[in-house]
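The structure appears below as structure tokens.
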Amino acid sequence: MRKGLVIVISLVLVTALLIGCSGPTTQAPAPTTAAPAPTTAAPKPTTAAPAPATAAPGPTTAAPKPTGTAAPAPTGAPSTISPAKAVELKYANPQNVMHLQYWVKSVLPYSERVAERTTNKITVKPYHDASLLAEREVLDGVRKGITDTALIQSSYFPSILKAHKIDVNDLFGDVLDAYRSALLARILWTEFPVFQEEYIKNNSIDLFGIASGSSYILVNKPIKTLADMQGLRIRVTGTYTPKILAAAGMIPVAMQLSDVYDAIQKGVLAGFNSVTPSIRDGQFDKVAKYIFRVGNTRIANAGLGIIMNLDVWKSLPLDVKQIMVGEGQKMEKEFADFMERDAQEALNTLTGTLGVTLVNFSKAERDDWASKVPDLYADWIKEMNDYGQPGQKMMDRIFELSKMSTSDMEKVWAEAWKKHSAFLLGL
Numbered sequence: 431m432r433k434g435l436v437i438v439i440s441l442v443l444v445t446a447l448l449i450g451c452s453g454p455t456t457q458a459p460a461p462t463t464a465a466p467a468p469t470t471a472a473p474k475p476t477t478a479a480p481a482p483a484t485a486a487p488g489p490t491t492a493a494p495k496p497t498g499t500a501a502p503a504p505t506g507a508p509s510t511i512s513p514a515k516a517v518e519l520k521y522a523n524p525q526n527v528m529h530l531q532y533w534v535k536s537v538l539p540y541s542e543r544v545a546e547r548t549t550n551k552i553t554v555k556p557y558h559d560a561s562l563l564a565e566r567e568v569l570d571g572v573r574k575g576i577t578d579t580a581l582i583q584s585s586y587f588p589s590i591l592k593a594h595k596i597d598v599n600d601l602f603g604d605v606l607d608a609y610r611s612a613l614l615a616r617i618l619w620t621e622f623p624v625f626q627e628e629y630i631k632n633n634s635i636d637l638f639g640i641a642s643g644s645s646y647i648l649v650n651k652p653i654k655t656l657a658d659m660q661g662l663r664i665r666v667t668g669t670y671t672p673k674i675l676a677a678a679g680m681i682p683v684a685m686q687l688s689d690v691y692d693a694i695q696k697g698v699l700a701g702f703n704s705v706t707p708s709i710r711d712g713q714f715d716k717v718a719k720y721i722f723r724v725g726n727t728r729i730a731n732a733g734l735g736i737i738m739n740l741d742v743w744k745s746l747p748l749d750v751k752q753i754m755v756g757e758g759q760k761m762e763k764e765f766a767d768f769m770e771r772d773a774q775e776a777l778n779t780l781t782g783t784l785g786v787t788l789v790n791f792s793k794a795e796r797d798d799w800a801s802k803v804p805d806l807y808a809d810w811i812k813e814m815n816d817y818g819q820p821g822q823k824m825m826d827r828i829f830e831l832s833k834m835s836t837s838d839m840e841k842v843w844a845e846a847w848k849k850h851s852a853f854l855l856g857l
């Protein structure tokens with residue numbers, strides 16, 4: 431009997447065990463709806479994985495000289511950008527919204543391309559007409575973070591940007607034009623570290639250069655000969671160009687460009703020294719009607735360029751900085767090509783529909799003027815030597831570059847941008 435009971439109990443336990451192993455007593459309820467599928471496929475990256483902190487070498491030869499039209503927007507999907515939220519960069523423009531050199535053909539297309547490639551994660555908000563910073567306030571304003579970016583002319587800061595004083599020195603003749611001057615500027619600013627160090631010391635970076643061009647003087651009084659310029663108060667920038675004007679009997683006056691129009695209108699100035707696009711875009715033909723070519727071109731962009739606050743730059747992710755640097759290189763060359771062509775077009779407009787008279791001095795007058803101009807380079811060479819820099823070597827390099835063919839300069843410029851890109855991306 432006991433044995434039979436044990437058998438029965440064993441059978442019951444085995445049966446219960448088999449039922450328990452067949453699955454849980456209750457099944458978890460199925461979801462009422464299926465998980466939604468992604469609405470769009472993940473974007474296909476347009477580039478390979480981000481480069482390391484040091485930029486990969488660029489092309490060994492210069493890109494072909496642009497035609498002057500804006501480069502087409504990228505056709506591929508935008509690169510993946512790291513910031514969790516969009517960044518709006520303030521841009522301080524000391525000139526008006528229609529100024530081609532300071533905005534319309536330079537920073538505006540640059541900012542549009544950066545916005546496009548970063549899917550509007552990086553945008554630029556401009557402040558025109560010196561509404562945020564005037565010319566002499568730019569360096570300090572960028573350093574302190576009042577603005578994130580700005581167009582600077584180094585000649586306004588000779589005691590701070592000492593090496594950059596050469597930017598606004600002059601080479602006479604036709605050895606340079608707007609395009610070649612821009613190439614020379616980048617090479618010079620990259621081969622000699624002091625040019626970048628001066629900006630870094632002021633919590634700024636040199637993002638890209640803005641081309642200048644051949645120098646002209648516009649005056650509000652009828653002139654026929656160089657002698658007619660004696661005693662006239664002429665606005666000029668830089669440390670060395672005033673010596674050129676003084677050699678012809680003019681009275682050089684230091685003044686920021688945004689104040690010049692009113693100064694001519696009120697009779698404080700008789701005229702000013704600038705490039706023809708700035709004369710046209712600033713509508714200076716309304717206050718002065720006589721123009722002549724000085725015959726010189728500023729060595730390095732007349733010190734014009736886009737600078738950016740160093741702290742803001744460091745805060746941006748690498749992929750964003752790569753885009754900004756790449757577009758900066760393109761714009762530097764593209765605008766330089768445009769500026770050279772626009773300088774002639776501006777002169778044609780001024781002397782055509784705007785009624786400005788072009789005055790041509792005789793060769794004898796120009797030769798006499800040139801003979802009275804002091805050595806424009808000796809003081810800077812000595813100052814650089816005292817500054818701990820190889821002044822003579824730097825000046826020799828400037829002359830060497832100025833004698834190069836344009837195609838050779840383009841190749842050296844491309845190599846300089848490789849170095850400059852690596853420098854910026856390494857910050």
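Numbering (the numbering used here), first residue to last: 431 to 857. Ideal Cβ positions, reconstructed from N, Cα and C, are used throughout, including at glycine. Since this is a predicted model, take the numbers as computed values, not measurements.
> Gly735 and Gly639 look like a contact to me (Cβ under 8 Å); what is the Cβ gap, rounded to whole Å?
Replying inline: In this structure, Gly735 and Gly639 form a Cβ contact; the two beta carbons are roughly 4 Å apart against a cut-off of 8 Å.
> Whose CA, out of Ala678, Asp636, Arg663, Thr836, lies closest to the CA of Leu656?
Replying inline: Answer by Cα proximity: Ala678.
>> I'd like to check one pair, Asp772 with Pro707: are the Cβ atoms closer than 9 Å?
In response: yes
>> Report the CB separation of Tyr646 from Arg547 in whole angstroms; it is logged as a contact under 8 Å.
In response: About 37 Å separates the two Cβ atoms, so there is no contact after all.
> Looking at Ile737 and Ala612, is the spacing between their C-beta atoms short of 9 Å?
Replying inline: Going by C-beta atoms, Ala612 is not nearer than 9 Å to Ile737.
> If we call anything under 9 Å between Cβ atoms a contact, is Asp711 one with Met528?
Replying inline: Yes; because the gap between Cβ atoms is below 9 Å, this pair is in contact.
>> Please report the straight-line C-alpha distance between Thr783 and Gly661, rounded to a whole angstrom.
In response: Looking at the two C-alpha atoms, the distance is approximately 30 Å.
> What is the DSSP secondary structure of Leu675, reduced to helix, strand or coil?
Replying inline: In the structure shown, Leu675 sits in a helix (DSSP, three-state: H, G or I).
> For Ala507, does the three-state DSSP call read helix, strand or coil?
Replying inline: For Ala507, the predicted structure reports a pLDDT of 36, less than 50, and the residue's modelled location is therefore unreliable. A value from the coordinates is still provided. If DSSP states are grouped into helix, strand and coil, Ala507 belongs with coil.
>> From the DSSP secondary-structure annotation, give me the bridge partner or partners of Asp600.
In response: Arg728
> Rounded to a whole number of angstroms, what is the C-alpha to C-alpha distance between Asp715 and Glu775?
Replying inline: Between the C-alpha atoms of Asp715 and Glu775 there is a straight-line separation of about 15 Å.
>> Assuming Leu699 and Ala693 are in contact, meaning their beta carbons sit under 8 Å apart, how far apart are those beta carbons, in whole angstroms?
In response: 4 Å
> For Ser585, which residues of its own chain have a beta-carbon under 6 Å away from its beta-carbon, when the five flanking residues on both sides are left out?
Replying inline: The answer, listed in chain order, is Val598, Thr667, Gly668, Gly733.
>> Which same chain residues end up closer than 7 Å to Leu591 when comparing Cβ atoms and leaving out the 5 residues on each side of it in sequence?
In response: Ser584, Glu628
>> So Trp743 and Lys595 are supposed to be a Cβ contact under 8 Å. How far apart are they, rounded?
In response: Between Lys595 and Trp743 the Cβ distance is about 25 Å, and since that is not below 8 Å, they are no contact.
> Looking at C-alpha atoms only, which residue of Arg827, Leu854, Ile721, Lys760 is the closest neighbour of Thr779?
Replying inline: Ile721
> Quick one: Cα of Lys631 to Cα of Lys696, how far?
Replying inline: 39 Å
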